[in-house]
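All letters in the sequence shown, in the order written, are residues 1 to 230 by UniProt numbering. Please read the structure below before turning to the comments.
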Amino acid sequence: MTFKSKFFTLEFLKWQSKQYSYYTVTFLKMYTLLYGLWKYLFQKDEYFVLILGLDNAGKTTFLEQTKTKFSKNYKGLNPAKITTTVGLNIGRIDMHGVRLNFWDLGGQEDLQVLWDKYYAECHAVVYIIDSSDIDRLQESKEAFDKMITNPSLVGVPLLLVANKQDIPKCLTVGRIKEVFRESKHLIGRRDCHVLAVSALHGDGVHEGIEWVVHRVRRNTLRPPKKNGDS
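Written out as structure tokens, the structure reads:
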């Protein structure tokens with residue numbers, strides 16, 4: 001091979017290398033752009049919501065009604081077959097471009113010690129109160145006070161659900177507000193709302209979930225996760 005041939009071969013290889021580098025960089029830029037667009041269009045902000053309260057308050061019934069109302073083709077459990085939660089029930093719904101993951105935890109006194117294991121990861125708390133159980137209202141408030149004093153829940157929105165409003169002679173929302181107003185100094189400036197609900201019939205459930213979605217989206221103290229985040 002002549003010197004001239006070698007020169008042109010070397011120059012060609014250099015040109016080919018530059019072309020390869022150009023197309024590689026272009027491909028990576030396009031990939032990054034398209035991946036970002038895909039994430040924007042298809043990945044949802046993901047939030048985790050705790051459902052807490054004493055045993056027999058109606059937590060699992062509330063969760064089942066939520067899944068029934070917001071999950072297409074989901075057939076909820078027969079309320080007569082819902083038993084006391086021992087451990088954890090989970091649920092998931094998608095609405096308004098976000099995903100809500102629910103953790104329904106057992107409310108028996110010996111299981112309440114497990115609640116704080118989930119505080120750091122949650123974005124909101126739905127606290128269920130049995131409006132028909134007047135004898136345990138103070139017990140429910142004490143569990144609520146202990147919960148909200150945990151530093152891992154600072155700034156987390158609270159929805160207090162006055163459940164079983166369909167039962168005659170149950171406590172009114174006004175009366176429940178009076179009792180829990182004593183905890184105002186513990187609640188602080190975080191978003192908090194008391195809502196009349198009949199989880200058995202589904203009354204008020206939709207309104208409650210709408211409230212939760214609105215509050216977690218605007219709460220900058222607990223940013224959402226993205227689908228696929230580890």
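Ideal placement from N, C-alpha and C gives every residue a C-beta, glycine not left out. Small disclaimer: the values here were computed from a predicted structure and weren't measured.
Collapsed DSSP secondary structure at residue i in the structure displayed
i, result
"Val173", "helix"
"Lys225", "strand"
"Arg99", "strand"
"Leu159", "strand"
"Gly91", "strand"
"Tyr127", "strand"
"Val212", "helix"
"Ala196", "strand"
"Asp133", "coil"
"Ser230", "The predicted position of Ser230 is uncertain, since its pLDDT is 43 and thus under 50; a value taken from the coordinates is nonetheless stated next. It is coil, neither helix nor strand."
Sequence-distant residues of the same chain with beta carbon closer than 6 Å to residue i, five excluded per side
i, result
"Ser198", "Gln165, Asp166"
"residue 240", "Because the chain in this structure spans residues 1 to 230, residue 240 falls outside the shown range and cannot be described."
"Ser230", "No answer about Ser230 holds up, because its pLDDT of 43 lies below 50 and its placement is not dependable."
Residues near residue i by beta carbon distance below 8 Å, same chain, minus five either side
i, result
"Trp211", "Leu159, His193, Leu195"
"Arg99", "Lys44, Asp45, Glu46, Tyr47, Arg92, Ile93, Asn227"
Selected residue, minimal CA-CA separation from residue i, among the options
i, options, result
"Glu142", "His123, Gly188, Gln112", "Gln112"
Spatial neighbours of residue i in its chain, beta-carbon cut-off 7 Å, leaving aside the 5 residues before and after
i, result
"Asn89", "Thr60, Leu63, Asp104"
Beta carbon of residue i nearer than 9 Å to that of residue j
i, j, result
"Leu50", "Tyr119", "yes"
"Val154", "Leu221", "yes"
"Asp116", "Ser152", "yes"
"Asp145", "Leu114", "no"
"His123", "Asn56", "no"
Q: Taking 8 Å as the threshold, find out whether the stretch 102-116 comes into contact with the stretch 203-217 through three or more Cβ pairs.
A: These segments do not touch.
Q | Inter-stretch contact at 8 Å, needing at least 3 Cβ pairs: the stretch 127-146 / the stretch 169-178 | A | yes
**Q.** Inter-stretch contact at 8 Å, needing at least 3 Cβ pairs: the stretch 207-225 / the stretch 73-85
**A.** Touching, no.
Q. Is there contact here, the stretch 91-104 with the stretch 60-68, by at least three beta-carbon pairs under 8 Å?
A. Touching, per the Cβ criterion.
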